[in-house]
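Novice: Quick one: the structure is below, questions incoming.
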Amino acid sequence: MTDRRGLRSVPKEEVSAAEDFELVRRFKASGDPQAFEALFRRYQQYVASLCLSILRSSAEAEDALQEVFIKVYNGLHAFEPKVTFRGWLYRIAINHCRDLLEKRSRRAVDDLTPVELIPQMPKQESGLVASMMLEAALERLSPDYRTAFILQAVEGYSIAEVADFLGIGFEAAASRLRRATKQFSEAYELLCKRSKRS
Amino acid sequence: MTDHTDILKDCALVDELLVAYSELDTERRGYIDAHLAQCERCRQELAEIERVQKLACKMHLESPVIDRYPEFLRRLSASRQLTQLQRIDEMPPEPTPQLDGGGFAAIVPLFGRRLTVRTGFQRGFELNLTRADGSSILRINAGSLTQAAAVVAGTTIVTTGLALGAAMFLMPSVKTPVPPDQPVGSVAPAVKITTRRDFTAPLVTATAGETTLAVWRHRGALYAQLVNQNEPGRRYKLSQEEEEWIRTPMFSSGVKVASDGRSYVVVGDADGSLYAWHIDPTSTDEPVSTLLAKPATHPDIVWTGKHYTAVWVTPSDSPVIETLDIDHNGRPAETTSQILAATEGKNKLSYPKILIQGSRMTLLYRTHQGSMQGAIYERDQGGIWQEQARLNHQSQSSVGQIQLFATDDGCRVVWSASSPQGEAICSSLISADGSFSEPRTLVVSRSHIVDWQSQSTATGFRVVWIEQTSAGERLFVQQFTPQLEPQTSPHAIVFQMPVALFGFNAERILLLVDEGKEQRLVPMR
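Protein chains in written order, with numbering that gives the first Met the number 0: chain A, 0 to 197; chain B, 0 to 524.
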């Protein structure tokens, strides 16, 4: 899968795993705040975009980013360089966002979702309607499917990377993505039909 | 593992792998290609997958490029998950600042330590307690020796007894000009409020007379404690759904508390819902939570003189700010809330603050871009807030916390701001027509300001703030005239452990000093 939007196009010097490990080593050895600050600044933008992409809400994404880095700060002493810092960080971020989605799905039962709002949109707002329908179709996916779908289809991560982030095997990730893609497609088609009727 | 020869026959197996088509190894891809060549249905499925993925590309969102590190430090510090960046034993020797205006220095050996007293005629005193190797244990800057001694006494309670003894020993022998108009400080005995390390920094405090209520969170649950004068009072556990809070320990955007002078109402959001608790110090009943709104984040609450008014952000794809009156017992006084401000699109509104002066309300909030916006409202006879003027304050820096104070002809806004160059606390006056006066910068710091509060006093205006530096946390106090001219030089106290502003009124500052195994309240007058 190609890198479609450049989210992963981090310049080489910024994703040097060796530099990450050195910063982590300094932080673990002496609690060096500058080392942690360097890690934060290096990855804040990528984690912010990742959280925003999964949560679809800038306010929640900004909160999530802060919470993720607090988890990283508290857990960095237990980090072992068997995996890259970047992979470890992204897995924390993805799991955190997935947990938030689960909570959101539990409490959103009575909410008026964008699905119900779409027929009320003026027809001339076709671009906005299309965008809302995509978002509404995404809302219909379960947190597990939605996370996998966003990572692969929206953000362009490879299935191998998605499998790694989610802690599952390649075939399990492919299977999950296939179901997510089908569900998304069906939800989108349904919304398109409803929009045309209205 | 799949037998690849089966792929040729089985559409279901092919279907499972179509989404991974471009990532398959050569062998499996060969089988898939062979199957596709003879299966129209699977070719259509692959085309559908590619169509969906093309659609999905359009959903990519790009987060704005902003520096989130100051906010991270604030949250880390506020939640007190911050371990001490450096223990005292690891502290590097601090460079001695140059004191202007001449002056003198005295060095006194003290139980293997050295106490250095330096004075500059313009800048007051500096007391520096160091080890033999020059590393600093405690350093204090103060406007007068009396203040310095008071500060030493206070910090002695929370660190060691060495500095106080030394200061008392030295005081009679040091002759220095002491400005007669300088306020004289005093420190009451410290109050140990807990013996276990379960007390994170208070989220908020409110003071009614001599009683302060502090609210904080521990392992997801919400607690409140009364502190009467300097004595710890009753402790309450507010959130009953502890399990839920533990599962989402960080999923709370804020807790605020206000007082009518006799009791308190606490508002806070948990898991997207906004609750209120009424705390009456004279009652033996346990506080009961009342659901105010759902979903809701970033709450605030004020006492208007007749009732409480709460304000919060309702998160959605187009967030709005809503308000609701609350009675003395923390229950909604109205059946429905009123929307005050709304956004178009997904822009973030956060941390709304309100000030109510009679029938007029001033609302300010942070926008997604870090600027301040809001409006002035008048309440009509039907109780509806009618917008009178829009407020819009743009600046190069990003707005943090906002405070509002009433003035005779409008209100004063004080806010913290951060930019790549540093952090600052600024103030402007807002007139009734919604115009901002030229902002005055009260405080500038190249360090991170972890906590600050401001308050009107009998002689003007006072700002207290804590800076976090690699050498420890520094508490500063500075007095301003009503016109916001500096009245005194900032007085700094250096702590080698995390501190937080626990309570603050005209008479005293109540500090929470985190000593690791236990925390103490240190009242300072």
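For each residue, glycine too, the CB sits at the ideal point set by N, CA and C. From a predicted model like this one, the values you see are computed outputs, not experimental measurements.
1. Could you tell me which of A:Ile158, A:Ala34, A:Ala17 and A:Leu190 sits nearest to leucine 75 (chain A), measuring between CA atoms?
2. For histidine 367 (chain B), would you say it is in contact with chain A, using Cβ-to-Cβ distances shorter than 8 Å as the test?
3. Taking its Cβ as the centre, do 16 or more other Cβ atoms sit within 10 Å of arginine 41 (chain A), making it buried, or is it exposed?
4. Per DSSP, what are the beta-bridge partners of leucine 348 (chain B) in this structure?
5. Can you pull the DSSP bridge partners for glutamate 377 (chain B)?
6. To be precise: take each residue of the stretch 149-170 of chain A, compare its Cβ to all Cβ atoms of chain B, and keep it if any distance is under 9 Å. Which residues remain?
7. Tell me the rounded alpha-carbon separation between proline 248 (chain B) and aspartate 432 (chain B).
8. Please tell me whether threonine 146 (chain A) has its Cβ less than 8 Å away from any Cβ of chain B.
9. Roughly how many angstroms separate the alpha carbons of serine 141 (chain A) and glutamate 101 (chain A), rounded to a whole number?
10. Which residues in chain B have a C-beta closer than 8 Å to the C-beta of phenylalanine 84 (chain A)? List them in chain order.
11. Against chain A, with Cβ distances strictly below 8 Å, would glutamine 52 (chain B) count as a contact?
12. Once DSSP output is grouped into helix, strand and coil, what is the label at alanine 17 (chain A)?
13. Report the rounded CA-to-CA distance for threonine 458 (chain B) versus arginine 25 (chain A), giving the unit in angstroms.
14. For phenylalanine 68 (chain A), return the contacting residues in chain B, with the cut-off set at a CB-CB distance below 7 Å.
15. Just verifying my parser: in three-state terms, what is the DSSP assignment at arginine 196 (chain B)?
16. For chain A, check one thing: does any of its Cβ atoms lie closer than 8 Å to the Cβ of methionine 371 (chain B)?
17. Pull the bridge partners of aspartate 62 (chain A) from the DSSP assignment, please.
18. Could you please give the first and the last residue of the uninterrupted beta strand (DSSP E) stretch that includes proline 32 (chain A)?
19. If you draw a straight line from the C-alpha of leucine 212 (chain B) to the C-alpha of serine 336 (chain B), how long is it?
20. Comparing the CB of proline 351 (chain B) with every heavy atom of the ligand COA, is any distance shorter than 7 Å?
21. Put methionine 58 (chain B) into one of helix, strand or coil per three-state DSSP.
22. Taking leucine 16 (chain B) as part of the alpha helix (DSSP H), name the residues at either end of that continuous run.
23. With DSSP as the reference, label aspartate 32 (chain B) as helix, strand or coil.
24. So is leucine 12 (chain B) in contact with chain A if we call contact Cβ pairs under 8 Å?
25. Please report the residue range of the alpha helix (DSSP H) in which arginine 162 (chain A) lies.
26. Per DSSP, what are the beta-bridge partners of leucine 23 (chain B) in this structure?
27. Restricting to Cα atoms, I'd like to know which of B:Ser317, B:Gly253, B:Val412 and B:Leu510 is closest to tyrosine 350 (chain B).
28. Are there three or more Cβ pairs, one per stretch, closer than 8 Å when the stretch 440-450 of chain B is compared with the stretch 51-63 of chain B?
29. For the alpha helix (DSSP H) that alanine 147 (chain A) lies in, which residues bound it at each end?
30. Any chance the stretch 263-274 of chain B sits against the stretch 297-308 of chain B, with 3 or more Cβ pairs inside 8 Å?
31. Does glutamine 486 (chain B) come out as helix, strand or coil in the three-state DSSP assignment?
32. For tyrosine 89 (chain A), decide whether its Cβ has a neighbour in chain B, counting only Cβ atoms nearer than 8 Å.
33. Terminal residues of the continuous beta strand (DSSP E) containing phenylalanine 404 (chain B)?
34. Where does alanine 186 (chain A) land, buried or exposed, given buried means 16+ other C-beta within 10 angstroms?
35. Between valine 310 (chain B) and the rest of its own chain, which residues show a CB-CB distance below 6 Å, the 5 nearest in sequence each way excluded?
36. Are there three or more Cβ pairs, one per stretch, closer than 8 Å when the stretch 376-387 of chain B is compared with the stretch 398-411 of chain B?
Specialist: So, from the data block:
1. Minimum Cα distance to leucine 75 (chain A) is reached at A:Ala34.
2. Residue-level contact by beta carbon holds for histidine 367 (chain B) and chain A, with a gap shorter than 8 Å.
3. By the 10 Å Cβ count, arginine 41 (chain A) comes out buried.
4. DSSP, once it has assigned bridges, lists B:Thr366 as partnering leucine 348 (chain B).
5. DSSP, once it has assigned bridges, lists B:Arg359 and B:Gln385 as partnering glutamate 377 (chain B).
6. Cβ contacts with chain B come from Ile149, Gln151, Ala152, Val153, Glu154, Gly155, Ser157, Ile158, Ala159, Phe169 and Glu170.
7. In this prediction, proline 248 (chain B) scores a pLDDT of 37, lower than 50, which makes its location untrustworthy; the coordinate-derived value is nonetheless stated afterwards. Taking the straight line joining both Cα atoms gives about 42 Å.
8. Under the 8 Å criterion on CB atoms, threonine 146 (chain A) is classed as non-interfacial with respect to chain B.
9. Near 8 Å, if we compare the C-alpha coordinates of glutamate 101 (chain A) and serine 141 (chain A).
10. What phenylalanine 84 (chain A) touches in chain B: nothing, since even the nearest Cβ is about 17 Å away.
11. Cβ-Cβ to chain A under 8 Å: yes for glutamine 52 (chain B).
12. Helix, per DSSP.
13. Their Cα atoms are separated by approximately 49 Å.
14. Chain-ordered, the chain B residues with CB closer than 7 Å to the CB of phenylalanine 68 (chain A) read Phe71.
15. Below a pLDDT of 50, predicted positions are generally treated as unreliable, and arginine 196 (chain B), at 39, falls in that range; no measurement from the model is reported.
16. Not closer than 8 Å to any Cβ of chain A, the Cβ of methionine 371 (chain B) fails to qualify, so no.
17. Aspartate 62 (chain A) is not bridged by DSSP to any residue.
18. Careful: proline 32 (chain A) lies outside any beta strand (DSSP E), inside the alpha helix (DSSP H) at 32-54.
19. One C-alpha to the other measures close to 27 Å.
20. The ligand COA is not part of the structure shown, which contains no ligands of any sort.
21. Coil at methionine 58 (chain B), not helix or strand.
22. Residue range 10-17 is occupied by the alpha helix (DSSP H) that includes leucine 16 (chain B).
23. Here DSSP, grouped into helix, strand and coil, assigns aspartate 32 (chain B) to helix.
24. By this cut-off, leucine 12 (chain B) is not an interface position.
25. Residue identity check: residue 162 (chain A) is alanine in the sequence provided, not arginine. Alanine 162 (chain A) -> alpha helix (DSSP H) spans 158-165.
26. DSSP lists no partner for leucine 23 (chain B).
27. Closest by alpha carbon: B:Gly253.
28. Contact between the stretch 440-450 of chain B and the stretch 51-63 of chain B is not established, with fewer than three Cβ pairs separated by less than 8 Å.
29. It spans 142-148 - the alpha helix (DSSP H) in which alanine 147 (chain A) sits, taken as one unbroken run.
30. Verdict: yes, contact present.
31. Coil.
32. So no, tyrosine 89 (chain A) is outside the interface.
33. First-last of the beta strand (DSSP E) with phenylalanine 404 (chain B): 397-406.
34. That one is buried.
35. Counting only Cβ-Cβ distances below 6 Å, and skipping sequence neighbours, we find Asp299, Thr322, Pro351 and Ile353.
36. The answer is no - the stretch 398-411 of chain B does not touch the stretch 376-387 of chain B, with fewer than three Cβ pairs under 8 Å.
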